[in-house]
Amino acid sequence: MKNLAYFFYYLKITNWVRLKSHLQFVCKLNNISKMRVLKDMIYCTLKYGTAFHEYFYYGFWQKTPQQRSEYASMGFMYEYQKKMNPPSKREVLADKNKFDVAYQEFVGRGLLNPETASIADIEKFIEGKQKIVLKRSTGGGGKNVKILTGTKINAKNIQLQAIAERFDILEEFVIQHEDLQNLSPNSLNTVRFITQLKMDGSVDIIGASLRMGIYKNTDNLSSGGITCKVNVEKGVIESKGYSFDITQPLCDVHPVSGIKLIGFQIPYWKEVKEMCKRAAAKYPDNRCIGWDVAIKQDGPLLIEGNHDWGARVWQMPAGKGMKTLLEKYV
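The letter at position 128 of the sequence shown is residue 165 when you use my numbering, and the numbering goes up by one with no holes.
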């Protein structure tokens, strides 16, 4: 019955234009009928709780029943994260202002509330800065974020824009490590690092991926970015780049820089792991978190922690599911 409820929920949230594009692409590429694929897609939703778009993201039309059952579907993730990260305890992650205070030792950049700060405080904050970031404390997916440069960086303009568009965070623009800048120059590229806090207080690493922008200034996949699986022991990319638009070819090299993806070494990997494990143990009410990690020239810092992290950012480039891995913690 749960999966039937998910079916009706997916009817409401699905991007039908994108789904139609993916359906046409798969049917043409594999010479199979649309009706056959649609019936199979619905079957997977009712059987596994899979969202409609996940059928295409994970290549379910060519997976065996055993392989399909190993994927953590949107339905499974909703239930899993509700157990691991109780809704009543999520505010420290869901509200970026609260997150920045709670995890201050890992944030590593200056922050200010431009809606309540004085003009003098804003002027002091932006002094000497070439870029600054305005964003809202709630919401995700790379939305509700603005990067201001040049003449737009003046205190009055910032405050007026913040009040008009409900931006309650003004923060320093993170200048990333030169290796990551060379790899993907148009965006701040972040590691999605997934941790699981065990009942004995120790922390397991579930997986990691590197998210990169292409032509936009955000690395989020819903905004046109790509994701690669990262070896959690070595910090080395070990997959091609995957996009949420399956009609696009997989990336062997970054489309802008031309740098080969597989084999790329993420800097400060040991420090990334240590930081995320420390952060994971800080507030044990939330046990399974997807951390967004930026890496500067002098080391890593946390951008945010996600209580509702999407499994597809890892499962797509991994080419396999993580359901079995997660189930042992329930």
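Note that the Cβ used here is the ideal one computed from N, Cα and C, for glycine as well.
Here residue 287 carries a coil assignment [DSSP, helix/strand/coil]. Residue range 325-333 is occupied by the beta strand (DSSP E) that includes residue 328.
For residue 274 against residue 263, the beta-carbon gap comes to about 11 Å, at or over 8 Å, which does not count as contact. Annotation for residue 343: the continuous beta strand (DSSP E) segment containing it runs 336-343. Under the DSSP assignment, residue 362 falls in the alpha helix (DSSP H) whose first and last residues are 360-364. In the assembly as shown, residue 295 is an exposed residue. Its beta-carbon has fewer than 16 other beta-carbons within 10 Å. Here residue 356 is not near residue 316, since their CB atoms are 8 Å or more apart. The alpha-carbon of residue 326 is positioned some 32 Å away from that of residue 166. Here residue 154 has 162, 196, 207 as same chain residues with Cβ atoms under 8 Å from its own Cβ, once five neighbours each way along the sequence are excluded.
Under the three-state reduction of DSSP, residue 169 is assigned to strand. If one requires a minimum length of 4 residues, the alpha helix (DSSP H) runs lying completely within the segment 111-199 are 111-121, 128-131, 133-139, 141-144, 156-163, in chain order.
The beta carbons of residue 249 and residue 291 sit closer together than 8 Å. One alpha carbon belongs to residue 101, the other to residue 283, and they sit about 20 Å apart.
Taking C-alpha positions only, residue 97 is separated from residue 219 by approximately 35 Å. Assignment of residue 95 by DSSP, reduced to helix, strand and coil, places it in the coil class. Excluding the 5 residues flanking it on each side, residue 59 has same chain C-beta neighbours closer than 6 Å at 93, 283, in chain order. Within the same chain, Cβ atoms closer than 7 Å to the Cβ of residue 298 are found at 265, 274, 277, 278, 288, 289, 290, 291, the five residues on either side in sequence being excluded. In the three-state reduction of the DSSP assignment, residue 317 falls in the helix class, which pools H, G and I. Relative to residue 267, the option among 304, 233, 111 whose CA is nearest is 304.
Annotated three-state conformation of residue 246 is strand, per DSSP.
Sixteen is the threshold: when 16 or more other Cβ atoms of the shown chains lie within 10 Å of the Cβ of residue 330, as they do, the residue is buried. The C-alpha of residue 230 lies about 19 Å from the C-alpha of residue 139. As the crow flies, the alpha-carbon of residue 80 is around 22 Å from that of residue 117.
Going by C-alpha positions, residue 194 is about 19 Å away from residue 174.
The beta-carbon distance between residue 314 and residue 109, rounded to whole angstroms, is 22 Å. This is too long to meet the 8 Å contact definition.
The C-beta separation of residue 40 from residue 75 comes to about 17 Å, leaving the pair out of contact by the 8 Å criterion.
Looking at 247, 232, 324, 63, the one whose alpha-carbon comes closest to that of residue 310 is 232.
For residue 105, the enclosing alpha helix (DSSP H) starts and ends at 102-106. For residue 184, the CB contacts under 7 Å within the same chain, skipping 5 residues up- and downstream, are 168, 170, 210, 254 in chain order. Nearest C-alpha to residue 146 among 350, 348, 71, 336: 336.
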